[in-house]
Amino acid sequence: MTIVGVLALQGSFNEHIAALRRLGVKGVEIRKPEQLLNVASLIIPGGESTTMAKLAELHNLFPALREFVKMGKPVWGTCAGLIFLANKATGQKTGGQGLVGGLDCTVHRNFFGSQLQSFESELSIPELVSSEGGPETFRGVFIRAPAILDVGPEVQVLAHCPVSSNSNLHSSSSGEGKKEKDAESKVIVAVRQGNLLATAFHPELTSDNRWHSYFLKMAGDVEESSSSLESIGVNNSRFERSKSDLPIFI
Ligand SMILES: NC(=O)CC[C@H](N)C(=O)O
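253 is the number that this note's numbering gives the last residue of the sequence shown; the numbers go up by one with no jumps.
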């Protein structure tokens with residue numbers, strides 16, 4: 004049985020493990036450096052990246068995580084996990100925070116505002132659309148989410164999210180960044196660089212398994228033939244939730 008490591012310091016690791024289980028894959032909780040030796044791929048969940056970084060330091064996990072990434076092992080970061088993987092983060096708390104790095108991009112923490120500005124959006128993600136049909140979009144759940152401000156040449160952009168140009172987003176960034184954002188009226192919210200995958204939103208909080216399947220396929224854990232929509236458990240069920248149902252990661 005395929006085993007995927009899920010960093011389990013804080014945040015939505017249980018939800019990732021449940022999503023993997025739905026695909027017949029075992030997710031194991033990773034809390035210590037030596038546990039990384041037992042897994043071939045890793046998910047870094049959403050949560051609160053400053054807290055997660057403090058816990059990672061406490062458990063002396065950073066060197067092992069950086070080594071894992073350097074070895075080219077598949078790693079997927081969601082939300083706070085994306086921040087962990089980025090080479091550069093802005094909007095950090097005073098004193099900054101430890102990053103694993105490896106993903107050639109600049110990420111802006113809390114780009115969309117506070118917990119109250121959390122939202123859901125139908126995202127167009129061509130990589131997830133199957134030739135066999137199925138949903139054209141993916142429902143992105145953004146909770147105090149970051150956005151990716153720029154990417155290096157090796158980085159493939161998988162999804163953008165529209166932003167309204169008159170909104171108060173990105174308030175802590177430089178005026179220049181804001182101008183750029185206004186001009187584009189969309190920001191990058193999902194990327195891939197080789198074996199690194201990052202999403203600013205939370206696929207593990209939906210019943211749509213396509214991102215998990217995509218990661219497993221990328222990690223070579225799922226045969227191409229078993230990735231048809233039926234076998235990967237894609238369903239069209241949409242979920243509705245109120246903002247008060249959203250997990251609080253701050
Ligand atoms: N949903 C999330 O993972 C939120 C990330 C959080 N805003 C942070 O900066 O760490």
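Backbone N, C-alpha and C fix where the C-beta goes; we use that ideal spot for every residue, glycine too.
Any idea what DSSP makes of residue i, helix, strand or coil?
i, result
"Glu32", "strand"
"Asn41", "helix"
"Val110", "strand"
"Ile20", "helix"
"Phe115", "coil"
"Gly84", "helix"
"Lys76", "coil"
"Leu68", "helix"
"Arg25", "helix"
"Gln13", "coil"
Grab the span of the beta strand (DSSP E) containing residue i for me, first residue to last.
i, result
"Lys91", "Ala89 to Thr93"
"His163", "Gln159 to Pro165"
"Leu61", "Not the beta strand (DSSP E): Leu61 falls in the alpha helix (DSSP H), residues Ser52 to Leu61."
"Thr202", "Leu199 to Thr202"
"Val103", "Careful: Val103 lies outside any beta strand (DSSP E) and carries neither H nor E."
"Leu126", "Phe122 to Ser127"
"Leu151", "Here residue 151 is Ile; the residue named in the question, Leu, does not match the sequence. Ile151 -> beta strand (DSSP E) spans Ala150 to Val154."
"Ile191", "Lys189 to Gln196"
Could you compute how far the alpha carbon of residue i sits from the alpha carbon of residue j?
i, j, result
"Ala203", "Leu85", "6 Å"
"Phe218", "Gly101", "25 Å"
"Pro165", "Phe65", "34 Å"
"Ile20", "Gly30", "5 Å"
"Ala201", "Gly75", "15 Å"
"Pro138", "Leu61", "42 Å"
"Pro77", "Leu199", "6 Å"
"Leu10", "Ser210", "21 Å"
"Ala37", "Leu208", "The identity of residue 37 in the sequence shown is Glu, whereas the question assumes Ala. Each residue's Cα considered, the two are about 28 Å apart."
"Val110", "Met221", "23 Å"
"Leu12", "Pro156", "32 Å"
"Asn63", "Lys35", "8 Å"
Which residues mark the beginning and the end of the alpha helix (DSSP H) in which residue i is found?
i, result
"Lys220", "Arg213 to Met221"
"Glu139", "Unbroken run through Glu139: none, as it is neither H nor E."
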